DNA sequence: AAATGGGTTTTCCAATATGGGAAGGTCAAT
DNA sequence: ATTGACCTTCCCATATTGGAAAACCCATTT
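Chains as they are written, first to last, in the numbering used here: chain V, 1466 to 1597; chain X, 1466 to 1597.
Below you can see the structure in the form of structure tokens.
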């Protein structure tokens, strides 16, 4: 199976497949006589794993770790769980940050009449506010 | 005032000041005979504006728009408000995405006993789950 | 066999914003 | 004059994805 077929079978673009290979996330694909990459069901399985982990927001580095654990028959589930929970915590931190931004912006927008007049508290605030 | 002083006075690193200049966010700084960039209070004001907008998660492009509105004495506050609210909406969308990820991860982790045994629903799920 | 169209190959460039570091010029103080 | 702190430009790196160009391969159709 060529890269294009592997791409549509897994939902990972051909571009990304090459990129993951270059990053060492997947082994170097075997090549045909004409240098085309060739994929097996095992490869597809791995690609789907990567895709799902990406959907959950794991970074390339984290996915590499997860893949290593996945392939380690003797791994401790605690290791996987710790990785997953650490990631969830990081996501929560990011959410809190974004929520703070939204709150600030909403507050500013509330006080902006939003009509044709040029007076605008949003810009006034950005230009001289002391606290974030 | 040199770039280092401008940096500490505004909280924008010298590196970023040069970057913003290159991106056209701030005008090209006047230079001394020895080619050092030179900043005035007006420049600092603009840099602080940029810094605060960045704290609120606005992109370079959005900040460029905000700066244009800031400098347009006849702008309509509705334009500013629309830009701010669109950004807040985008942030909310991102938050929702991240929350979905956290929920999924937490759910997976809950079912992982997290001890020394290798059995782990997290990896099992990543390797064959159908829905995100 | 030759041509044609579509898939693949590699490589380079783009975007997000920020930091690190090298190599070399400048300034102020000793 | 030397030293140390600061400035300059340029390249690299982060993480991820897309785009484009130029060349090559394959299968199908003249």
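Using N, Cα and C, we set each Cβ at its ideal position, and we do this for glycine too.
Note that this is a predicted model, so its numbers are computed, not measured.
Going by beta carbon distance, what residues of the same chain come within less than 7 angstroms of residue i, once the five residues before and after it are set aside?
i	result
residue 1473(X)	none
residue 1475(V)	1509, 1512, 1513, 1516
residue 1482(V)	1468, 1471, 1472, 1512
residue 1485(X)	1491, 1515
residue 1480(V)	none
residue 1495(V)	1503
residue 1596(X)	Because residue 1596(X) sits at a pLDDT of 44, beneath the cut-off of 50, its placement in the model cannot be relied upon, and the following sentence gives the value as read from the coordinates. Nothing meets the Cβ criterion.
residue 1581(V)	none
Give me whichever residues DSSP pairs with residue i in a beta bridge.
i	result
residue 1495(V)	1503(V)
Can you have a look at residue i and say buried or exposed, based on whether 16 or more other CB atoms are within 10 angstroms of its CB?
i	result
residue 1569(V)	buried
residue 1517(V)	buried
residue 1489(X)	exposed
residue 1466(X)	exposed
residue 1502(X)	buried
residue 1499(V)	exposed
residue 1497(X)	exposed
residue 1542(V)	buried
residue 1553(X)	buried
Just checking my contact of residue i with residue j at CB under 8 angstroms: how many whole Å lie between their CB atoms?
i	j	result
residue 1563(V)	residue 1522(X)	7 angstroms
residue 1560(X)	residue 1525(V)	Not really, about 23 angstroms apart at Cβ, beyond 8 angstroms.
residue 1573(V)	residue 1586(V)	6 angstroms
residue 1477(X)	residue 1588(V)	18 angstroms between Cβ atoms; not a contact.
If you drop the 5 nearest sequence neighbours on each side, which residues of the same chain put their C-beta closer than 8 angstroms to that of residue i?
i	result
residue 1556(X)	1522
residue 1558(V)	none
residue 1593(V)	none
residue 1600(V)	Since the first residue of chain V shown is 1466 and the last is 1597, residue 1600(V) is not available in this structure.
residue 1493(X)	1486
residue 1505(V)	1466
residue 1599(X)	Only positions 1466 to 1597 of chain X appear in the structure, and residue 1599(X) is not among them; the question remains open.
With a threshold of 6 angstroms on Cβ separation, who are the neighbours of residue i within its own chain once the five nearest residues in sequence on each side are excluded?
i	result
residue 1414(X)	As displayed, chain X neither begins before 1466 nor continues past 1597, which places residue 1414(X) out of reach and without an answer.
residue 1507(X)	none
residue 1565(V)	none
Query raised in the report: Is the segment 1566-1584 of chain V touching the segment 1538-1556 of chain X, taking contact as three or more C-beta pairs under 8 angstroms?
Result: Output reads yes: the segment 1538-1556 of chain X touches the segment 1566-1584 of chain V.
Query raised in the report: Between the segment 1534-1545 of chain V and the segment 1523-1531 of chain X, are three or more C-beta pairs nearer than 8 angstroms?
Result: The segment 1523-1531 of chain X and the segment 1534-1545 of chain V do not touch, with fewer than three beta-carbon pairs separated by less than 8 angstroms.
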